[in-house]
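Notes follow the structure.
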Amino acid sequence: MRLSRYFLPTMKDNPKEAQVVSHRLMLRAGMIQQASAGIYSWLPLGFNVLQKIEQIVREEQNAAGAQEILMPTIQSADLWRDSGRYDDYGQEMLRITDRHDRDMLYGPTNEEQVTDIFRTHVRSYRNVPLNLYHIQWKFRDEVRPRFGIMRGREFLMKDAYSFDLDFEGARRSYNQMFVAYLKTFARMGLKAIPMVADTGPIGGDMSHEFIILADIGESEVYCHKDWLDLDVLTSEIDYQGDLQPIVDKFTKIYAATDEKHDPSLCPPEDLVSTRGIEVGQIFYFGTKYSEALGAKVSKPDGGEAVVHMGSYGIGVSRLVGGIIEASHDERGIIWPEPVAPFGVGVINIRTGDEACDAAAEDLYAKLTTAGREPLLDDRDERPGSKMADMDLIGLPWQIIIGPRGLKNGVVEVKNRKTGETEEMTPEAALNKLAR
RNA sequence: CGGAGUGUGGCGCAGUCUGGUAGCGCAUCCGUCUGGGGGACGGAAGGUCACAGGUUCGAAUCCUGUCACUCCGACCA
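Residue numbering for the first sequence follows this note's numbering, beginning at 2 and increasing consecutively.
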């Protein structure tokens, strides 16, 4: 992409309404624009990142055996009356009336809808386990939206729903999602700690919130200090195998949210207390919705079983802010490579200079061919503002091409994260970054 | 939903107390000089001062109401 043609409205000044770092940087980097309280438009740079995150989530869900569907944003109130939640949900649910005066709602979640799909088509134990997920916009009419995209009213969420014959099956499904979440967040360069979470009226030990540590986190969290240098999960996973050992490994070290914190379970000298951002939650809720909505399958012995369900959410749009909170400096964003909107930023220090133009165009073409998704700053701007913009939008690598270096046959390769720069020939730069 | 606050050009702000026909920095456009960390000079464009009503010869400024947004708290992916 050429910056001269790319819609990237960056800002030098901080918008006053943005208090937290990620919100400020997203506005300054031209990623989003607020449409109304807690509702945002996504501009090209922000949308690019959102899609990269979405794709990682999708790949890991598929790898774990979940199947993607797409359910609507607008739902009928009838299903919610069946489950009893139409009256329970309260003001957070945005209620709408259509032209025929029928009660509709903008979905805050999809348990009812997915259960309806299941009960319509699945009648036999042979067709479970089943795990269906979708990545769709949700709306919750928060009283007080804040933190920019991280606590908006409209948000993009991946939600998966598992259906099993019994509790043991549900535990296997739960473990699959548990491990898939570890892999998903690790791929984004995040350390997300699974913390014991409140299971509500269901009870048991099958709910975890996946939390990344950050000062501006919305809730107080507690964990053993061993978490801080525990390696994230990167190995290949056989999802059909026994996942319990992996789950055990990541649950035996103490970590709990505020509500579930029990000081007796962790020596005080090892306890770390900090704030965290919840980026995912997994939950086993038994037969709550299957019972209410009649999702039953026939068993091998001819009887009927009400299916056991679980739901598994990932805040896709929230992750954009979460990643920035976890990875930035005073100059701007520092994208982890897997979610970076472009792989390499090529800065032509002096657009219009014959040698600079030629070198920049050549590198740009070759990086494009190599699949590195380069962003070429070919604008006629001052060097300072080009560098400031490139640092702000946080691409992992920069190649800086200027007359001074070219005189000696070199360009400068800069690592955004470490700030280290290295001079080398354009060919060497290409070899280093094209991989 | 309680508490606090803010609405003036794209962004950040001054002007409001003490009414007199709107200003500054950055950004934008044109020109010249520049050119490795947000440059200089000259010129230009851009505002129903959130909205509605009222007071007044005259309202960004005073009064009444409405709306929007932000921050702190309680609540949530």
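No residue lacks a Cβ here, since even glycine has one placed at the ideal position from N, Cα and C.
Proximity winner among Thr370, Asp165, Gly47, relative to Thr288 (alpha-carbon distances): Position 287 of the first sequence, counted from the first residue, corresponds to residue 288. Of the listed residues, the one whose Cα sits closest to Thr288 is Asp165.
Candidates Gln245, Arg147, Met94: closest to Glu169 by CA position: Sequence index remark: in the first sequence, residue 169 carries index 168 (1-based). Of the listed residues, the one whose Cα sits closest to Glu169 is Gln245.
Nearest to Asp227 (by Cα), restricted to the options Glu428, Lys192, Asp354: Your numbering for residue 227 matches position 226 in the first sequence. The shortest C-alpha separation from Asp227 is found at Lys192.
Start-end ranges of the beta strand (DSSP E) lying completely within the region 348-433, minimum 3 residues: Counting only runs that start and end inside the region 348-433, the beta strand (DSSP E) elements of at least 3 residues fall at 375-378, 398-402, 412-416, 422-425.
Range of the contiguous alpha helix (DSSP H) that encloses Tyr182: Mapped onto the first sequence, residue 182 falls at position 181. Where Tyr182 is concerned, the enclosing alpha helix (DSSP H) stretches over 168-188.
Three-state secondary structure (DSSP) of Lys289: Along the first sequence, read from residue 1 onward, the residue named residue 289 stands at position 288. Residue state, collapsed to three classes: helix.
Status (buried if at least 16 other CB within 10 Å, exposed otherwise) for Leu71: If you number the first sequence from 1, residue 71 lands on position 70. Here Leu71 is exposed: its Cβ has fewer than 16 other Cβ atoms, across all protein chains shown, within 10 Å.
Burial state of Ile155, where buried means 16 or more other Cβ atoms lie within 10 Å: The sequence position of residue 155 within the first sequence is 154, counting from 1. Strictly speaking, residue 155 in this sequence is Glu, with Ile absent from that position. Its Cβ being crowded by 16 or more others within 10 Å, Glu155 is buried.
The beta strand (DSSP E) enclosing Asp117, as first and last residue numbers: The residue given as residue 117 occupies position 116 in the first sequence. Here Asp117 belongs to no beta strand (DSSP E); instead the alpha helix (DSSP H) covers 112-122.
Rounded separation between Thr426 and Leu364 - CA only: In the first sequence, counting from the first residue as 1, residue 426 sits at position 425. In the first sequence, counting from the first residue as 1, residue 364 sits at position 363. Using only the alpha carbons, I get a separation of about 11 Å.
Alpha-carbon spacing of Ser5 relative to Arg380, whole angstroms: Translated into the one-based positions of the first sequence, residue 5 becomes position 4. Translated into the one-based positions of the first sequence, residue 380 becomes position 379. Cα-Cα distance, rounded: 5 Å.
Distance, Glu219 Cα to Glu210 Cα: On the first sequence, residue 210 is found 209 positions in, with the first residue counted as 1. On the first sequence, residue 219 is found 218 positions in, with the first residue counted as 1. Going from the Cα of Glu210 to the Cα of Glu219 covers about 13 Å.
Outcome for His225 when other beta-carbon atoms lying within 10 angstroms are tallied against a minimum of 16: What you label residue 225 is simply residue 224 of the first sequence in a count that begins at 1. His225 is buried by the Cβ-count criterion.
In chain order, each beta strand (DSSP E) run of at least 3 residues that lies wholly inside the region 10-57: Counting only runs of 3 or more residues that sit fully inside the region 10-57, the beta strand (DSSP E) segments are 33-37, 40-43, in chain order.
Cut-off 8 Å between Cβ atoms - residues of its own chain near Arg103, not counting five sequence neighbours on either side: As a working mapping, residue 103 is identified with position 102 in the first sequence. Excluding sequence neighbours, Arg103 sits near Ser77, Ala78.
Close Cβ partners of Leu396 (< 8 Å) along its chain, the five nearest in sequence each way excluded: Translated into the one-based positions of the first sequence, residue 396 becomes position 395. For Leu396, where only same-chain residues beyond five positions count, the Cβ hits under 8 Å are Trp336, Ala341, Pro342, Phe343, Gly344, Val345, Gly346, Leu376, Arg417.
N-terminal and C-terminal residue of the beta strand (DSSP E) that Tyr126 is part of: For the purposes of this step, residue 126 is taken as the residue at position 125 of the first sequence. Per DSSP, Tyr126 belongs to no beta strand (DSSP E) and is neither H nor E.
Residue range of the unbroken alpha helix (DSSP H) whose run includes Ser84: The residue given as residue 84 occupies position 83 in the first sequence. Segment 78-84, the alpha helix (DSSP H) holding Ser84.
Three-state secondary structure assigned by DSSP to Glu155: Along the first sequence, read from residue 1 onward, the residue named residue 155 stands at position 154. Glu155: strand per DSSP, three-state reduction.
Beta-carbon proximity list for Gly277, same chain, < 7 Å, skipping 5 on both sides: Taking the first residue of the first sequence as 1, we reach residue 277 at position 276. Correct list, in chain order: Ile212, Ile213, Leu214, Ala215, Gly218, Ser220, Val222.
Integer-rounded CB distance, given that Arg145 should sit under 8 Å from Ile57: To locate residue 57, count along the first sequence from 1; it is residue 56. To locate residue 145, count along the first sequence from 1; it is residue 144. The pair is not a contact, with the Cβ atoms about 30 Å apart (cut-off 8 Å).
Beta-carbon gap between Phe148 and Val21 smaller than 7 Å: Your numbering for residue 148 matches position 147 in the first sequence. Your numbering for residue 21 matches position 20 in the first sequence. Closer than 7 Å, so yes.
Residues that Leu320 bridges to, as DSSP identifies them: Translated into positions along the first sequence, residue 320 becomes position 319. According to DSSP, which records beta bridges pairwise, Leu320 is partnered with nothing at all.
Tyr175 to Ile325 span [Cα, whole Å]: Within the first sequence, the letter at position 174 stands for residue 175. Within the first sequence, the letter at position 324 stands for residue 325. Computed Cα separation, rounded: 29 Å.
Beta-carbon proximity check, Glu60 vs Tyr134, cutoff 7 Å: Numbered from its first residue, the first sequence carries residue 60 at position 59. Numbered from its first residue, the first sequence carries residue 134 at position 133. Contact flag unset, no.
Beta-bridge partners of Leu131, as assigned by DSSP: Looking up residue 131 in the first sequence gives position 130. DSSP lists Phe164 as the beta-bridge partner residues of Leu131.
When Pro268, Leu26, Pro384, Leu131 are compared against His309, the one with the closest alpha-carbon: Here the question's residue 309 lines up with position 308 in the first sequence. Answer by Cα proximity: Leu131.
Alpha carbon of Leu431 to alpha carbon of Ala361, nearest angstrom: Indexing the first sequence from 1 puts residue 431 at position 430. Indexing the first sequence from 1 puts residue 361 at position 360. Rounded to the nearest angstrom, the two C-alpha atoms are 12 Å apart.
Supposed contact pair Glu112 and Tyr182 - C-beta distance, whole angstroms, cut 8 Å: Along the first sequence, one-based indexing puts residue 182 at 181. Along the first sequence, one-based indexing puts residue 112 at 111. That pair is no contact at about 19 Å.
Rounded distance between the beta-carbons of Gly403 and Ile350, thought under 8 Å: On the first sequence, residue 350 is found 349 positions in, with the first residue counted as 1. On the first sequence, residue 403 is found 402 positions in, with the first residue counted as 1. Right, the Cβ-Cβ distance comes to about 3 Å (below 8 Å), so this counts as a contact.
Buried versus exposed, by CB contacts within 10 Å (16 or more), Arg29: One-based indexing of the first sequence puts residue 29 at position 28. With a threshold of 16 other beta carbon atoms within 10 Å, Arg29 meets it and is buried.
Exposure label - Met388; buried when at least 16 CB within 10 Å: Walking along the first sequence from the start, residue 388 turns up at place 387. It is buried - the Cβ of Met388 has at least 16 other Cβ atoms within 10 Å.
Candidates Arg120, Thr422, Gln137, of which the one nearest Glu305 by Cα: Here residue 305 is taken as the residue at index 304 of the first sequence, counted from 1. Ranking the options by Cα distance to Glu305, first place goes to Arg120.
Coil, strand or helix - Val144 by DSSP: As a position in the first sequence, residue 144 is number 143, starting the count at 1. Coil.
Segment contact flag, the region 235-252 with the region 285-301, C-beta cutoff 8 Å, min 3 pairs: They do not touch, by the three-pair rule.
Paired residues, beta bridge with Gln282 - DSSP: Your numbering for residue 282 matches position 281 in the first sequence. Gln282 is bridged to Glu210, Gly314.
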